[in-house]
Each structure stands twice: as C-alpha cells, then as structure tokens.
Ligand code: SF4
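As structure tokens, then:
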C-alpha cells in the first residue's frame with residue numbers, strides 16, 4: 687500500500703500526469719515482446735528515433751528469437767553499426783536469444799529479466815510495464831532522475847534510491863504510469879535548462895516550481 691509523505695499524497699498529486707500521459711504509447715515502435723526486448727537493449731544510451739529507424743530492417747532479417755538464436759553477433763553489425771556500443775549490444779541480444787530460444791520463453795519478471803545480459807532494472811521495468819506484467823518497480827531514466835527530485839518526491843539523485851522513494855509513495859498500479867509520465871514530462875516540458883513550468887500539469891505540487899514562484903513574488 688502506498689504511503690503519503692509529509693502533506694502530499696503523491697497518488698493524488700500526480701493524477702494529472704497519469705491522465706495526460708498514462709495511455710500514451712511508448713516511443714519505441716515495437717510489435718511484440720521479442721522486438722520490445724531487442725529495441726530496449728539497443729536504445730540504451732541511444733535515441734528511440736534512431737532505434738525505430740533501424741528496427742524494421744533488423745527484424746526483417748531476424749523476425750524472432752528463434753532466428754536470432756542462430757545468428758552470430760557480427761551478423762547484426764550491418765543493421766546496428768550506427769548505435770552506441772553496438773558490438774556489446776549485438777553480443778547480448780544473440781546471447782539472450784540462445785538462452786531463451788523462443789519468444790514465449792522470454793522472462794516477464796524482474797528476476798528473470800535482470801539475469802539476462804544488457805538488461806538492468808530500468809530496462810526490465812520498461813519490458814514488464816509495456817508487456818502488462820505485474821509491476822515490480824519504476825522506470826528511472828535520465829528524465830525521471832531529473833523530474834522526480836524537482837517535484838520533491840525524492841531528495842536523491844541516485845537511480846536506485848529514486849526508484850525506492852517513488853515506490854514508497856505511489857501505489858504499484860501506478861508505477862508504470864508514474865515512470866512513463868515523468869519520462870514524457872522530462873522529454874517535453876521539464877527540460878534540464880529552462881523547464882516550461884507554466885505548461886506543466888503538476889506545477890501546483892512541484893517543489894522546484896513553488897520555490898521559484900516564492901522567490902519571484904519576493905522580488906516583485
Ligand atoms: S513545475 Fe516545472 S520543474 Fe516542476 S515538474 Fe513541472 S516543469 Fe518540472
């Protein structure tokens with residue numbers, strides 16, 4: 687059961703965020719869980735736009751885990767060579783394919799997923815959330831790591847602690863929405879420099895905005 691901290695009930699406070707971004711599709715244009723796993727691994731320290739661009743040709747050549755299991759990492763290079771760390775990512779993808787062999791054997795829980803090479807908690811949370819699995823955590827990417835402390839739901843800048851703090855404050859049924867909502871907010875509005883606070887649906891509960899507003903009123 688999620689708790690409330692101080693005077694803020696974060697489940698209520700972030701409900702405008704859930705409404706605005708909750709049903710929005712993930713930016714990775716995957717068609718099934720196999721494609722999701724491969725694209726999530728490829729997207730680490732790269733952009734979703736680039737991964738969406740190269741994915742159709744990659745999946746034409748390797749349409750399933752079964753096909754991928756028969757490949758050698760270097761067989762992927764012509765498709766993924768423009769992506770950061772493509773050699774290691776190719777090795778991880780082929781190694782995962784050889785381990786799970788079939789699409790239906792792809793793990794759907796945190797423990798199984800994080801045992802696979804190239805998949806940490808952040809990627810596992812994306813895969814679990816997008817495949818409709820039982821929530822086991824909150825996605826903490828660069829955007830969430832910036833937005834969550836600004837909002838005041840955490841004081842930490844460490845991903846593990848940020849995730850722990852959000853999980854304490856938000857009910858599990860909202861964990862995926864909370865992570866994705868903060869990600870979209872961070873991409874579009876809560877930018878590193880000059881966040882567009884007047885356009886933000888959660889500004890009323892945001893500690894960064896309240897401090898900024900207080901300072902602005904004092905200087906009037
Ligand atoms: S009010 Fe401003 S600082 Fe706070 S979350 Fe929204 S955009 Fe970010």
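Numbering (the numbering used here), first residue to last: 687 to 906.
Idealized CB from N, CA, C, for every residue including glycine.
All values reported here derive from a predicted model rather than from experimental measurement.
Between the stretch 789-797 and the stretch 755-762 there are fewer than three C-beta pairs closer than 8 Å, too few to call the two in contact. Taking a cut-off of 8 Å for Cβ pairs, the stretch 778-790 and the stretch 840-851 do not touch, as fewer than three such pairs fall below it.
With a threshold of 6 Å, the Cβ atom of residue 875 counts as near ligand 1, since some heavy atom of the ligand is closer than that. Secondary structure within the stretch 851-898: not one fully enclosed beta strand (DSSP E) run of 3 or more consecutive residues is present. Distance check between residue 882 and each of 844, 836 and 807 places 836 closest, using alpha-carbon atoms only. In this structure residue 853 touches residue 861 by the C-beta definition: roughly 7 Å separates them, less than 8 Å. A Cβ-Cβ distance of about 6 Å is found for the pair residue 779 and residue 727, placing them in contact under the 8 Å criterion. Shown here, residue 769 sits in coil according to DSSP, grouped into three states, outside any helix or strand. Your pair residue 895 and residue 889 checks out as a contact, with CB atoms roughly 5 Å apart and the cut at 8 Å. With a threshold of 6 Å, the Cβ atom of residue 720 does not count as near ligand 1, since no heavy atom of the ligand is closer than that. No residue range can be given for residue 718, since it is assigned to no alpha helix (DSSP H) and is classified by DSSP as neither H nor E.
Cβ-Cβ distances below 6 Å link residue 769 to 728 and 732 in the same chain, with the five nearest sequence neighbours on each side left out; the list follows chain order.
By the beta-carbon neighbour count (other beta carbons within 10 angstroms, threshold 16), residue 823 is buried. In the three-state reduction of the DSSP assignment, residue 737 falls in the helix class, which pools H, G and I.
Residue state for residue 792 is assigned as coil, using DSSP reduced to three classes. Here residue 875 is actually not in contact with residue 892; their C-beta atoms are around 11 Å apart, not less than 8 Å. The beta carbon of residue 702 sits no closer than 6 Å to any heavy atom of ligand 1. In the structure shown, the three-state DSSP call for residue 782 is helix. With a cutoff of 7 Å on beta-carbon distance, residue 806 and residue 833 are scored as not near each other. Here DSSP, grouped into helix, strand and coil, assigns residue 814 to helix.
Note that the C-beta distance between residue 849 and residue 826 is below 7 Å. Between ligand 1 and residue 896, a heavy atom-to-CB distance of less than 6 Å is absent.
Bounds of any alpha helix (DSSP H) do not take in residue 748, whose DSSP letter is neither H nor E.
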